[in-house]
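Numbering (mature numbering (1 follows the signal peptide of the UniProt record, and there is no 0)), first residue to last: -29 to -1, 1 to 347.
Structure first, then comments.
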Ligand code: GLU
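As structure tokens, this is what we get:
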């Protein structure tokens, strides 16, 4: 990748503030509160422009429809990242950006190999002293899995922001341009450092740990059960909360040391679920099965024996919930101690799949695995 052509330039004000040991953003707000409320082009960009790499992976933000009224029926992953960046000239006022196309796919096509490739490239870029932050353009369908994975495995406190859109750029009311502008603002802001991998859409900043897609077509689709971390509005990045669970620098997982992720399958519960789906997962080499169970992890009477049989073969069994939120209580709906099973904390099945795959690179002891599920 080419180096940035414009390097960090400190203004006299920021140089003085740094010399005084002050955070430039905070100090500027203290010195000039009126300017902060009236200058939408962002007080954060006045000190210096951050160097941000925008990695394109595809999704609707790179999509195009046949007409402007095609807001939900269109082809995703067709517009190159450099073209997307060029379509939002306002970005160049807040950061020096470079585009890099790593994939051009719908995010449903992410798999372990692609996840690892993306993570390793992000890690490589974060190590460059002239890179201040990363933005990843991504399909919205699996943003929550990629963001959680990066949140758990990157070893840097520089901001990493995953962004997508619900409407293609060709649509009336397209949301991608503003989402991308907001993502660059957040990635450029020193206040975003040390907060783990973030997801920015629809004026909100979410932690990659909590966020999930909750609607198939609305722009207001991303939700975190405990609320977003903050807003992006009028060019300002506003944080109100901090992630409570360990992430990035604080975890035991390191993207640079991961070459392969163990197979973890999800079996979805429903009335009349076929027990053969458990056997299929075992035959396919699953090291763990996340059972996306009903309610508080309840397991149908005809499913208990197949899951116990899988455990007897060494496969870890994780009870999760298909409800969309809440914690699964150990030894409540099922005797986990007796069966040597594990429960999720509040992780959705697809997030528990990511965490279990990482946890299994560390241990195969169900007690230790349980601790990891409760920790992250
Ligand atoms: N299925 C596509 C994807 O996830 C399009 C959905 C979107 O990006 O909003 O990449």
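All C-beta atoms, glycine included, are put in the ideal place defined by N, C-alpha and C.
Computed from a predicted structure; not experimentally measured.
Requested in this report: Identify every run of the alpha helix (DSSP H) within the stretch 145 to 195, keeping only runs that are complete inside it and at least 4 residues long; order them along the chain.
Outcome: 147 to 159
Requested in this report: Please name the residue in 300, 257, 242 whose C-alpha comes closest to that of residue 267.
Outcome: 300
Requested in this report: Kindly indicate which residue of 273, 228, 229 has the alpha-carbon position closest to the one of residue 350.
Outcome: Only positions -29 to 347 of the chain appear in this structure, which leaves residue 350 out of reach.
Query - Separation of residue 326 from residue 284, as counted between CA atoms - result: 21 Å
**Report entry** Completely contained beta strand (DSSP E) runs for the stretch 195 to 280, where each covers 3 or more residues
**Finding:** 201 to 204, 207 to 210, 235 to 239, 259 to 264
Query raised in the report: Given 8 Å as the limit, is there contact between the stretch 251 to 266 and the stretch 223 to 234, that is, 3 or more CB pairs closer than that?
Result: yes
**Report entry** Reference residue 46; option with closest CA among 226, 110, 305, 341
**Finding:** 110
Query raised in the report: Is the closest heavy atom of the ligand GLU to the C-beta of residue 47 under 7 Å?
Result: yes
Requested in this report: For residue 211, count neighbouring Cβ atoms within 10 angstroms of its own Cβ and tell me buried if that reaches 16, exposed if not.
Outcome: exposed
Requested in this report: Helix, strand or coil for residue 28, going by three-state DSSP, please let me know.
Outcome: strand
Query raised in the report: Among 228, 333, 23, 337, which one has its Cα closest to the Cα of residue 108?
Result: 23
Query - Sequence-distant residues of the same chain with beta carbon closer than 6 Å to residue 296, five excluded per side - result: 196
Query - Nearest neighbour of residue 119, chosen from 38, 144, 186, 224 [CA to CA] - result: 224
Query raised in the report: Do residue 175 and residue 139 have their C-beta atoms within less than 8 Å of each other?
Result: no
Query raised in the report: Roughly how many whole angstroms lie between the Cα atoms of residue 262 and residue 238?
Result: 5 Å
Query raised in the report: Can residue 105 and residue 158 be called in contact, C-beta distance under 8 Å?
Result: yes
Requested in this report: Kindly identify the DSSP beta-bridge partner or partners of residue 66.
Outcome: 21
Query raised in the report: Going straight from the alpha carbon of residue 131 to that of residue 167, what length do you get?
Result: 7 Å
Query raised in the report: Going by the CB atoms, is the gap between residue 25 and residue 70 shorter than 8 Å?
Result: yes
Query raised in the report: Quick one: Cα of residue 334 to Cα of residue 56, how far?
Result: 42 Å
**Report entry** Boundaries (first-last residue) of the beta strand (DSSP E) holding residue 104
**Finding:** 104 to 108
Requested in this report: Using three-state DSSP, classify residue 342 as helix, strand or coil.
Outcome: helix
Report task. Could you tell me which of 37, 66, 338 sits nearest to residue 308, measuring between CA atoms? Result -> 338
Report task. Could you name the residues that DSSP lists as bridge partners for residue 292? Result -> 264
Report task. Please report how far the alpha carbon of residue 317 lies from the alpha carbon of residue 292, in whole angstroms. Result -> 8 Å
Query raised in the report: Is it the case that the CB of residue 268 approaches a heavy atom of the ligand GLU more closely than 7 Å?
Result: no
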